[in-house]
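Colleague: Just so it is clear: in the sequence shown, position 10 is 10 by full-length UniProt numbering, and no numbers are missing.
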Amino acid sequence: MGSCTGLLALKNNNKRIFLWNPSTRKSQVLPSTEIGRAGLTFYGFGYDPISDDYNVVRMVQSGGHNSGHFRYGAELNKRFGFLANNAMHWMAFKSPQSGKENLAGFDLASEEFRSVELPDFCLDEPFWFGIGTMGGYLCLSAVHGELGDIVADVWIMKEYGVKESWSKLISWNQPHYIPSVVVPLAFSKNGKKVLFNIGYQWFSFDERDRFVWYDVGSERVEHVEIKGLPSSFDVHLYVESLVTLNSNAQQ
């Protein structure tokens, strides 16, 4: 469900949620709570520095003519939110008839929702787009058609919540990787390269997912070889930590 300051939040097939620290090999099963209404369930996991505690957010979308409607972005085809600026975020719009998508952010401290506008970018029908964080910034990536070519664009929001601060970082014509899911993961230490996860799971059964470095200045691509990877996989960033769980944690 997510990774935050050394802990992973996981959900098994029985819908039980538990926290796990891979460094200490300690885990903690969270209490099971029933939700009265059936519907789509969305999750988020993050750390709130104000309360100095971790938060697991579960949101259930119930049907109904007058109910608010949320639709979530296609990043890795999961209904898991991501943490930025002390808030969990999901792609959303207020009604099925609304054609304008924004980010819905749930503030972990105030437990209130906020709206974050996306940049004004004109796309043909995109093959894929998703949004997350990179280098501490909100980051939007899209694979789309442009004047007959297939292009991957990457935008970053330099000042959180300010629509005008969206800036296009990369516009990458990448014929060797199209069509595919193109997910920017992290900057290099000197900030001149971006690590991408190239995923083919929705477009081709013959290609294998891979990692590449993209040089922002020269636009050169460098393959990252990791032996033993499966043909298709998801990617989550993780930083080792000795953070402790509650006293009832299991090993």
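From the three backbone atoms N, C-alpha and C, an ideal C-beta is built for every residue, glycine too. Because the structure is a prediction, the values reported are computed rather than measured.
With distances taken from CA atoms, which of 235, 54 and 230 is nearest residue 132?
Modeller: Checked all of 235, 54 and 230; the closest Cα to residue 132 is 235.
Colleague: Label residue 149 either buried or exposed according to how many other C-beta atoms from any shown protein chain fall within 10 Å of its C-beta, with 16 as the threshold for buried.
Modeller: So residue 149 ends up on the exposed side.
Colleague: How many Å lie between residue 92 and residue 116 at the Cα?
Modeller: Whole-angstrom Cα-Cα distance: 10 Å.
Colleague: I need the boundaries of the beta strand (DSSP E) containing residue 102, first residue and last residue.
Modeller: Counting along the chain, the beta strand (DSSP E) containing residue 102 begins and ends at 102 to 107.
Colleague: Residues bridged to residue 55 by DSSP?
Modeller: According to DSSP, residue 55 bridges with 46.
Colleague: Return the bridge partner residues of residue 25 from the DSSP annotation.
Modeller: Answer is none; residue 25 lacks a bridge partner.
Colleague: By alpha-carbon positions, which one of 208, 86, 216 and 183 ends up nearest to residue 230?
Modeller: Taking only the C-alpha atoms, the option nearest residue 230 is 208.
Colleague: Here's the rule I'm using: 16 or more other beta-carbon atoms within 10 Å means buried, otherwise exposed. How should residue 239 be labelled?
Modeller: That one is exposed.
Colleague: Grab me the residues of residue 107's own chain with a C-beta within less than 7 Å of its C-beta, minus the 5 sequence neighbours each way, in chain order.
Modeller: The answer, listed in chain order, is 86, 87 and 114.
Colleague: Quick check on the burial criterion: 16 or more other C-beta atoms within 10 angstroms. Buried or exposed for residue 9?
Modeller: Per the 10 Å Cβ criterion, buried.
Colleague: Apart from the five residues just before and just after residue 192, which ones in its own chain have a Cβ nearer than 8 Å to its Cβ?
Modeller: Closer than 8 Å at the Cβ level, and outside the excluded window around residue 192, lie 215, 216 and 217.
Colleague: Could you have a look at residue 73 and say whether DSSP puts it in helix, strand or coil?
Modeller: Only weak support is given to the placement of residue 73: the predicted model assigns it a pLDDT of 34, under 50, and the value that follows is read from those uncertain coordinates. Note: residue 73 maps to coil in three-state DSSP.
Colleague: State buried or exposed for residue 246, treating a residue as buried only when at least 16 other CB atoms are found within 10 Å of its CB.
Modeller: Exposed, by the Cβ-count rule.
Colleague: Select from 59, 61 and 84 the residue whose C-alpha is nearest the C-alpha of residue 49.
Modeller: For the residues 59, 61 and 84, the minimum Cα distance to residue 49 belongs to 84.
Colleague: For residue 233, count neighbouring C-beta atoms within 10 Å of its own C-beta (all shown protein chains included) and say buried if the count is 16 or more, exposed if not.
Modeller: Classification for residue 233: exposed.
Colleague: Name the DSSP bridge partner or partners of residue 184?
Modeller: Paired residues: 196.
Colleague: Identify every residue that forms a DSSP beta bridge with residue 5.
Modeller: In DSSP, residue 5 forms no bridge with anything.
Colleague: I need the DSSP call for residue 231, collapsed to helix, strand or coil.
Modeller: Residue state, collapsed to three classes: coil.
Colleague: Where does residue 188 land, buried or exposed, given buried means 16+ other C-beta within 10 angstroms?
Modeller: With fewer than 16 Cβ atoms within 10 Å of its Cβ, residue 188 is classed as exposed.
Colleague: Could you spell out where the beta strand (DSSP E) holding residue 211 opens and where it closes?
Modeller: Here the beta strand (DSSP E) through residue 211 covers 210 to 215.
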